[in-house]
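Structure first, then comments.
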Amino acid sequence: MDFSSLIGCVSSASCMVTQSLSGLTIGMLLFLVASGLSLIFGVLKITNFAHGSFYMLGAYFALTVYQVTNNYFLAVCGAALGVGLFGVLFERFLIRRIYGSNVLMQLLLSYAVILILDDIVMLVWGSEFQSMGMPDLFRVPPIRFAGAYIPVFYLFLIVAAFAIAGGLWFLIEKTRFGKVVRAAAHNGEMAAALGINTSLLYSFTLGLGGVLAGLAGGLAAPVRSLVPGMGMSILIESFIVTVIGGMGSIVGAFVSAIVIGLTRSFGGIVMPEFTDGLMFLVMVIVLIVKPTGLFSKGRD
Amino acid sequence: MQINTFTRYSVVALLVFVVLAAIPRITDDISILDTGIMICANGLFALSLNLLVGRTGLLSFGHGGFYAAGAYSFGLLMQTGMFSIPAAFALTIVFVAALSALVALVCVRLNETYFTFITLAFQMLFYNIILSWTSLTGGDQGLLGGIPKPVFLGIDLVNPVHLYLFCCGIFLVCVVLLYQITQSPFGYTLRMIRDNTERARFLGVAVNRYKVASFTLAGAFAGIGGMFMALFVSGAYPSFGYWTMSGDGIFMIMLGGMNTFLGPLVGAIILIVLNDLTTIYTDHYGLVLGCVILVFVLGLRRGLLDFIVEGIRDRRASKMDQTIQPTVPKEEIPR
Chain A
135 MDFSSLIGCV SSASCMVTQS LSGLTIGMLL FLVASGLSLI FGVLKITNFA
185 HGSFYMLGAY FALTVYQVTN NYFLAVCGAA LGVGLFGVLF ERFLIRRIYG
235 SNVLMQLLLS YAVILILDDI VMLVWGSEFQ SMGMPDLFRV PPIRFAGAYI
285 PVFYLFLIVA AFAIAGGLWF LIEKTRFGKV VRAAAHNGEM AAALGINTSL
335 LYSFTLGLGG VLAGLAGGLA APVRSLVPGM GMSILIESFI VTVIGGMGSI
385 VGAFVSAIVI GLTRSFGGIV MPEFTDGLMF LVMVIVLIVK PTGLFSKGRD
Chain B
5 MQINTFTRYS VVALLVFVVL AAIPRITDDI SILDTGIMIC ANGLFALSLN
55 LLVGRTGLLS FGHGGFYAAG AYSFGLLMQT GMFSIPAAFA LTIVFVAALS
105 ALVALVCVRL NETYFTFITL AFQMLFYNII LSWTSLTGGD QGLLGGIPKP
155 VFLGIDLVNP VHLYLFCCGI FLVCVVLLYQ ITQSPFGYTL RMIRDNTERA
205 RFLGVAVNRY KVASFTLAGA FAGIGGMFMA LFVSGAYPSF GYWTMSGDGI
255 FMIMLGGMNT FLGPLVGAII LIVLNDLTTI YTDHYGLVLG CVILVFVLGL
305 RRGLLDFIVE GIRDRRASKM DQTIQPTVPK EEIPR
């Protein structure tokens, strides 16, 4: 434990800026993955344990598109569309067959998909670490702010993620489609009885979750190294985020993703070897105090 | 003459032990004994987890934490050099049981999905403590320096055959105990809680107390599995406490079947044998295991032993139907 360096950091503006930004970056990537997870749980009542692998696929898709076209925006779009399509196929051919069966079956099915995807990625892209490198567009000198150097890409990542979060909020809260999603989340059978094509909606929800995970993968590709199995750690962290925020709550996922991101970046100063433990500690405390998460509407 | 069921299970277990004990006399192949010890450790882990998952309806994703706790505390106790193996064994069981009781007291208040996540969180908390408390646990290197195995009662656990027999013996004792627990009134109460918690509560069952008891027992047995593993590898590694260990336990249960008592053991055998075979013939263990799991999930839709047992039961039931049907007057069949 090293509290003196935390105090040292909090009292220095440049360190505060650097740590807050890195916390926000981690948090926003987590939010993109966790919001998809939360959305799928809300509508389908299924915990998609393969969601981390969606993120991994997104990063690899982005890598390949970038290598072919050398255009980063195309790469991110390609990742989002590719993983979105994969999400739809995943729902149509696999998840669809186990609706209404045991939670254990969902777990097992997702685990099979995780294992298979990890191995396929290893076959296609190789098992060694890969990196996309910083796209040309962002190879500019960092911005100097309050004595700290801020890489431009980090700013772009945070702004993009905020924009996506805003778009998602608008989609769910303000459009007709969002109303349908909320109705199906509240009572799927009733929504179906009222003429909503829930079967199509389920595919679409997994597609949307896939798009979000693909975006996260594409945005993370320049700053993270790519390796088969990279989806696992982000999956566990997104679970922490969704559970703390309340399963099915997008706003909750947003707030708790930022909390977890900041916990990681500032906790790393105090006890670097126990940062993961710290996140689980936060989760245990939240669950003990409010067993359904901070932002749940108490439907469970 | 009525024979006590416990005596009957014990006799069956004794016969199984005689058969297992004959294996080292038939073959000199040490790797078969190694697989046997692995099956004992993982089988006990899966069977104990099924006391929660299959019997009590508690989907715990943190069972690996107690497996690791067993392995680490046994290893640490032996390394002090102050305890004989049976003493360290007993102390570890007490410690792991106390630990799981403590975790259970917090966790059982939560429902379904949240129960699963909080058990996972506790396990990862233990895992991170193991990783960061380097001075005690050796961090990510694992508990190094070997575990001393002093001879007791003429049993020398350095000898692989002795170790194999020791593990098989204790394993069978544990299996008989676990079976006795599931068949006891206590076990039936757990089943009632699984099937209808509300009704159990109406009938005056202190549901949470039963859940804590079930969790504690399961944790203690998992700790024994961890001790087998610690003896086998003569150390302990953080991976015992990683969440994939709990995941493996759940897959063993699902592969073998959760409704049949020995299902998880069958699952453990399937997983270990599959692991051994695939790593010999291919580098793509994940691809093979993933496809096998898909076959189970989409094809059988249940574990292997459940599939067989329920298949036989269905066939019997349909035969019974055929013999009964003609006696039912046609008019009385409700439409």
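Chains as they are written, first to last, in our numbering: chain A, 135 to 434; chain B, 5 to 339.
Note that the Cβ used here is the ideal one computed from N, Cα and C, for glycine as well.
This structure is a prediction, so every number in the text was calculated from the model and none was measured.
Segment limits, alpha helix (DSSP H) that includes Ala204 (chain B):
201-206
Apart from the five residues on each side of it in sequence, which residues of its chain come closer than 8 Å, Cβ to Cβ, to Asp253 (chain A)?
Pro362
Please work out which residues of its chain come closer than 8 Å, Cβ to Cβ, to Ile394 (chain A), disregarding the five sequence neighbours upstream and downstream, and give them in chain order.
Ile160, Gly161, Leu164, Glu371, Ile374, Val375, Ile378, Met413, Val416
Is the beta carbon of Pro406 (chain A) within less than 7 Å of some heavy atom of the ligand COA?
With respect to small molecules bound, the structure shown includes none, and the ligand COA cannot be examined in it.
For Tyr285 (chain B), name the three-state secondary structure that DSSP assigns.
helix
Restricting to Cα atoms, I'd like to know which of B:Val211, B:Gln83, B:Ala25 is closest to Leu114 (chain B).
B:Val211
Please identify, using Cβ separations under 8 Å, the residues of the region 371-404 of chain A that lie next to chain B, in order along the chain.
Phe373, Ile374, Val377, Met381
Give a yes or no on whether 8 Å exceeds the smallest Cβ distance from Ile30 (chain B) to chain A.
no
Quick one: Cα of Ala101 (chain B) to Cα of Phe130 (chain B), how far?
15 Å
Thinking Leu284 (chain A) and Pro276 (chain A) are a contact (beta carbons under 8 Å), I'd like their distance in whole angstroms, please.
The sequence shown places Ile at residue 284 (chain A), rather than the Leu named in the question. Indeed, because the Cβ distance is near 6 Å, the residues count as touching under 8 Å.
Among the candidates B:Pro189, B:Asn163, B:Ile134, whose CA atom is the shortest distance from the CA of Pro242 (chain B)?
B:Ile134
Going by CA-CA distance only, name the one from A:Ala184, A:Leu171, A:Ala193, A:Glu307 that's closest to Leu249 (chain A).
A:Ala184
Could you spell out the range, first to last residue, of the beta strand (DSSP E) harbouring Ile277 (chain A)?
277-279
Hey, Val23 (chain B) and Ile257 (chain B): beta-carbon distance below 8 Å or not?
no
If you follow the alpha helix (DSSP H) that Tyr131 (chain B) is part of, which residue opens it and which one closes it?
116-136
At what residues does the beta strand (DSSP E) containing Ile284 (chain A) begin and finish?
282-284
Of the listed residues B:Thr193, B:Val296, B:Cys172, B:Val155, nearest to Ile89 (chain B) (C-alpha basis)
B:Val155
According to DSSP, is Ala73 (chain B) helix, strand or coil?
helix
Interface flag, Ser52 (chain B) vs chain A, CB-CB below 8 Å
no
If we define contact as Cβ-Cβ less than 8 Å, is Thr117 (chain B) a contact residue for chain A?
yes
Tell me, please, whether the region 267-282 of chain B touches the region 67-76 of chain B by the rule of three or more beta-carbon pairs shorter than 8 Å.
no
Can you list, in chain order, the residues of its chain whose CB lies under 7 Å from that of Met5 (chain B), leaving out five sequence neighbours each side?
For Met5 (chain B), the predicted structure reports a pLDDT of 48, less than 50, and the residue's modelled location is therefore unreliable. The matter cannot be settled from this model.
If you measure beta-carbon to beta-carbon, which residues of the region 247-260 of chain B are closer than 8 Å to chain A?
Trp247, Gly251, Ile254, Phe255, Ile257, Met258
Starting from Phe99 (chain B), trace the alpha helix (DSSP H) in both directions and tell me its first and last residue.
89-111
Who are the near neighbours of Thr120 (chain B) in its chain, counting only those whose CB is closer than 6 Å to its CB and skipping five residues on each side?
Leu63, Phe65
With three or more C-beta pairs closer than 8 Å as the rule, is the region 37-56 of chain B touching the region 219-230 of chain B?
yes
Simplified DSSP assignment, three categories, for Ile330 (chain A)
coil
Assign Thr203 (chain A) to one of two classes, buried (16 or more other C-beta atoms within 10 Å of its C-beta) or exposed (fewer than that).
exposed
Helix, strand or coil: how does DSSP classify Ile151 (chain B) here?
coil
Residues of chain A with CB under 9 Å from Phe126 (chain B), in chain order?
Phe414, Val418
Would you mind stating whether Gly380 (chain A) and Gly343 (chain A) have Cβ atoms separated by less than 8 Å?
no
Report the partner residues of Ile159 (chain B) according to the DSSP bridge assignment.
B:Phe156
By alpha-carbon positions, which one of A:Asn331, A:Phe388, A:Leu257 ends up nearest to Asp287 (chain B)?
A:Leu257
Check whether the Cβ atoms of Tyr189 (chain A) and Gly365 (chain A) lie closer than 8 Å to each other.
yes
Shorter than 8 Å from the beta carbon of Met239 (chain A) to some beta carbon of chain B?
yes
Is Glu407 (chain A) close to chain B, meaning its C-beta is less than 8 Å from at least one C-beta of that chain?
yes
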